[in-house]
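A.B. asks: 102 is the number that full-length UniProt numbering gives to position 102 of the sequence shown; each next residue is one higher, with no gaps.
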Amino acid sequence: MAKSPWDAMNDALGFTGAQSIDTLHYMDTGLPPFNKIMSGHYDKGLPNGKMIEIYGESSSGKTLMATNMMISAQQCGGAAIFIDFERSFDVGFAAKLGLNPSQAFSYHKPRSWEEGNNAIIKAARWIRDKKLIPDDAPILAVLDSIAAAPAASTVAKDIDDLNMNDTTALARVTSTTFKSIKQHADDLNVTLVYLNQVRDSMDMYGPKTKTPGGRAVVFFADARFEVKRKIERDPKTKEAVGQVITVKNIKNKFARPEQSFEVPVTFLDNGGVEFDVVAATVEFAVSKGMIEQAGSRVIWGGKSLYKSQVIEAVKKDPDGLRKLTEWLVANDKSAADDAAAGSDKDYSDAECESAA
1 MAKSPWDAMN
11 DALGFTGAQS
21 IDTLHYMDTG
31 LPPFNKIMSG
41 HYDKGLPNGK
51 MIEIYGESSS
61 GKTLMATNMM
71 ISAQQCGGAA
81 IFIDFERSFD
91 VGFAAKLGLN
101 PSQAFSYHKP
111 RSWEEGNNAI
121 IKAARWIRDK
131 KLIPDDAPIL
141 AVLDSIAAAP
151 AASTVAKDID
161 DLNMNDTTAL
171 ARVTSTTFKS
181 IKQHADDLNV
191 TLVYLNQVRD
201 SMDMYGPKTK
211 TPGGRAVVFF
221 ADARFEVKRK
231 IERDPKTKEA
241 VGQVITVKNI
251 KNKFARPEQS
261 FEVPVTFLDN
271 GGVEFDVVAA
281 TVEFAVSKGM
291 IEQAGSRVIW
301 GGKSLYKSQV
311 IEAVKKDPDG
321 LRKLTEWLVA
331 NDKSAADDAA
341 AGSDKDYSDA
351 ECESAA
């Protein structure tokens with residue numbers, strides 16, 4: 001097919017023309033419901049080369065979700081980079097979840113926000129230049145967290161010299177940093193996942209929630225997700241046996257916003273945790289009408305069963321999750337509409353702290 005005059009112009013000027021969402025490459029998150037609310041598709045997930053923010057209260061499951069994404073990146077033949085501002089990442093715990101810390105993984109403890117973001121670009125460029133992974137394989141960079149990252153101007157001072165201006169230093173520097181790092185991320189095909197916390201504050205209308213880092217975080221993030229958790233306890237011993245993590249889509253340029261899902265997490269005796277991906281996927285499919293609900297039961301394979309029976313049946317089959325995901329993909333009639341409904345709008349009640 002002959003090129004149009006517009007295609008010829010783009011080629012001559014070195015332009016790429018319009019980029020469709022369909023031309024993006026996605027990394028499977030390992031959680032079909034997360035894939036769906038992220039991209040509009042059950043078999044796609046994190047868009048490569050884009051910027052994601054995940055925020056929530058302390059110990060709400062942000063790092064746990066990010067670790068699961070890093071594991072998925074490695075399983076896709078890609079690499080993971082972890083920038084630890086909080087100095088709290090437990091590599092041994094992550095290894096119990098399935099992360100390979102000795103292969104396709106880079107860990108860094110920077111002293112400032114600028115150093116941390118530079119470390120991501122340097123590591124990603126080294127990975128690409130040395131061809132440590134295939135050219136089309138994903139690089140996932142997690143920064144934990146914006147709230148704990150000090151600006152270089154603050155680190156350079158003695159504690160006694162810090163003043164009120166230093167409380168807004170991070171918000172000011174993020175505005176400049178994101179303009180640059182998003183360009184590098186696109187060039188190097190790096191997906192940026194920034195973890196963030198929430199802060200409570202009061203005004204004349206009552207309590208409000210804020211996220212550190214300034215308005216630049218909200219503006220530059222291609223998607224934002226709010227994470228909450230509920231502890232599950234043994235009814236007899238009252239001992240914590242797990243938790244349920246709720247992930248809500250607050251802003252999304254790639255799919256319909258204002259969607260959420262829950263994933264149960266079980267605490268294991270060896271100190272690790274286990275995501276109940278099958279239960280999360282079945283529950284989400286029922287909530288979306290993909291699996292028909294009839295009273296307290298659902299219709300599965302032409303039979304009326306309890307959801308717990310369906311979950312058990314899928315788990316018994318070694319290929320059960322793969323088959324379930326393929327069935328959802330084949331029967332999902334909302335994928336095109338969900339992917340077309342992406343929005344730049346942020347629907348969060350959370351405001352940015354120290355807006356720059």
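For every residue, glycine included, the Cβ atom is placed at its ideal position computed from N, Cα and C.
Buried or exposed, going by whether 16 or more other CB atoms sit within 10 Å of the CB of Leu328?
C.D. replies: Answer is buried; the Cβ neighbour count reaches 16.
A.B. asks: Measure how close the beta-carbons of Arg256 and Ala341 come, nearest whole angstrom, since I'm counting them as under 8 Å.
C.D. replies: Correct: roughly 4 Å between the Cβ atoms.
A.B. asks: Taking 8 Å as the limit between beta carbons, can you name the residues of its chain near Leu132, skipping five residues before and five after?
C.D. replies: Excluding sequence neighbours, Leu132 sits near Ala79, Ala104 and Trp126.
A.B. asks: Just how far apart, CA to CA, sit Asp28 and Val227?
C.D. replies: So the alpha carbons of these two residues sit roughly 19 Å apart.
A.B. asks: When the Cα atoms are used, what is the spatial distance from Thr174 to Ile311?
C.D. replies: The alpha-carbon atoms of Thr174 and Ile311 are separated by roughly 44 Å.
A.B. asks: When you compare only the Cα positions, how much space is there between Gly271 and Asp7?
C.D. replies: The alpha-carbon atoms of Gly271 and Asp7 are separated by roughly 56 Å.
A.B. asks: Quick test of your reading: Gly116 and Ile83, contact by CB under 8 Å. State the CB separation rounded to the nearest angstrom.
C.D. replies: Yes, they are in contact, since the Cβ atoms of Gly116 and Ile83 sit about 4 Å apart, within 8 Å.
A.B. asks: According to DSSP, is Met290 part of a helix, a strand, or is it coil?
C.D. replies: If DSSP states are grouped into helix, strand and coil, Met290 belongs with coil.
A.B. asks: Roughly how many angstroms lie between the CA atoms of Ala12 and Ala2, to the nearest whole one?
C.D. replies: Rounded to the nearest angstrom, the two C-alpha atoms are 15 Å apart.
A.B. asks: By alpha-carbon positions, which one of Trp300, Ala240 and Ala185 ends up nearest to Asn48?
C.D. replies: Nearest option by C-alpha distance: Ala185.
A.B. asks: Given a cut-off of 8 Å, decide if Val193 and residue 376 are closer than it, judged by their beta-carbon atoms.
C.D. replies: With the chain covering 1 to 356 only, the question about residue 376 has no answer from this structure.
A.B. asks: Does the stretch 285–301 come into contact with the stretch 241–255, if we say contact requires no fewer than three beta-carbon pairs (one atom in each stretch) closer than 8 Å?
C.D. replies: The stretch 285–301 is not in contact with the stretch 241–255.
A.B. asks: Measuring alpha carbon to alpha carbon, tell me which residue in Lys36, Asp90, Asp160 and Asp43 is nearest Cys76.
C.D. replies: When each option's Cα is compared against that of Cys76, the closest is Asp43.
A.B. asks: Whole angstroms are fine: how far does the CA of Lys303 sit from the CA of Phe261?
C.D. replies: Straight-line Cα distance between these residues: approximately 25 Å.
A.B. asks: Does the stretch 219–233 touch the stretch 49–61, meaning 3 or more C-beta pairs lie closer than 8 Å?
C.D. replies: Yes: the two stretches touch, three or more of their Cβ pairs being nearer than 8 Å.
A.B. asks: Apply the 10 Å Cβ neighbour rule to Phe15 and answer buried if 16 or more other Cβ atoms are within range, or exposed otherwise.
C.D. replies: That one is exposed.
A.B. asks: Could you give the C-beta distance for Trp113 and Thr167, rounded to a whole number, given that I count them as a contact under 8 Å?
C.D. replies: Contact doesn't hold; Cβ gap of about 14 Å is too wide.
A.B. asks: Tell me which same chain residues have a C-beta within less than 6 Å of the C-beta of Ser348, skipping the five on either side of it?
C.D. replies: Same-chain partners within the cutoff: Ile250.
A.B. asks: By how many angstroms is the C-alpha of Asn252 removed from the C-alpha of Gln293?
C.D. replies: Whole-angstrom Cα-Cα distance: 29 Å.
A.B. asks: Need the endpoints of the alpha helix (DSSP H) that Ile127 sits in, please.
C.D. replies: Unbroken alpha helix (DSSP H) run through Ile127: Trp113 to Asp129.
A.B. asks: Under 7 Å Cβ to Cβ from Ala285, same chain only, skipping five residues before and after it: list those, please.
C.D. replies: If we look at Ala285 and ignore the five residues flanking it on each side, its Cβ neighbours are Ile291 and Leu328.
A.B. asks: What's the gap between the Cα of Pro265 and the Cα of Ser4?
C.D. replies: The residue you asked about is not Pro; residue 265 is Val in the sequence shown. Near 53 Å, if we compare the C-alpha coordinates of Ser4 and Val265.
A.B. asks: Could you tell me which of Asp136, Pro138 and Met65 sits nearest to Val273, measuring between CA atoms?
C.D. replies: Looking at the Cα atoms, Met65 is the closest of the given residues.
A.B. asks: Could you tell me which whole beta strand (DSSP E) segments of length 3 or greater appear in the stretch 44–114?
C.D. replies: Listed in chain order, they are 51–56, 79–84 and 105–108.
A.B. asks: Would Lys157 be called buried (16 or more neighbouring beta carbons within 10 Å of its own) or exposed?
C.D. replies: Exposed.
A.B. asks: In this structure, what does DSSP give as the bridge partners for Leu140?
C.D. replies: Paired residue(s): Ala80 and Thr191.
A.B. asks: Would you report the Cα separation of Asn118 and Val91, rounded to the nearest angstrom?
C.D. replies: Their backbone Cα atoms lie some 22 Å apart in a straight line.
A.B. asks: Look at Arg199 and Lys210 and say whether their C-beta atoms are less than 8 Å apart.
C.D. replies: Cβ atoms of Arg199 and Lys210: closer than 8 Å.
A.B. asks: From this set, Gln74, Lys122, Lys96 and Thr191, which residue's C-alpha is nearest His25's C-alpha?
C.D. replies: When each option's Cα is compared against that of His25, the closest is Thr191.
A.B. asks: Whole angstroms is fine: what's the gap from Leu321's alpha carbon to Val155's?
C.D. replies: Computed Cα separation, rounded: 48 Å.
A.B. asks: Is Gly40 helix, strand or coil by DSSP?
C.D. replies: Gly40 falls in the coil class under three-state DSSP.
A.B. asks: Name the residue from Ala336, Gly213 and Thr281 whose alpha carbon lies nearest to the alpha carbon of Ala350.
C.D. replies: For Ala350, the nearest C-alpha among the options comes from Gly213.
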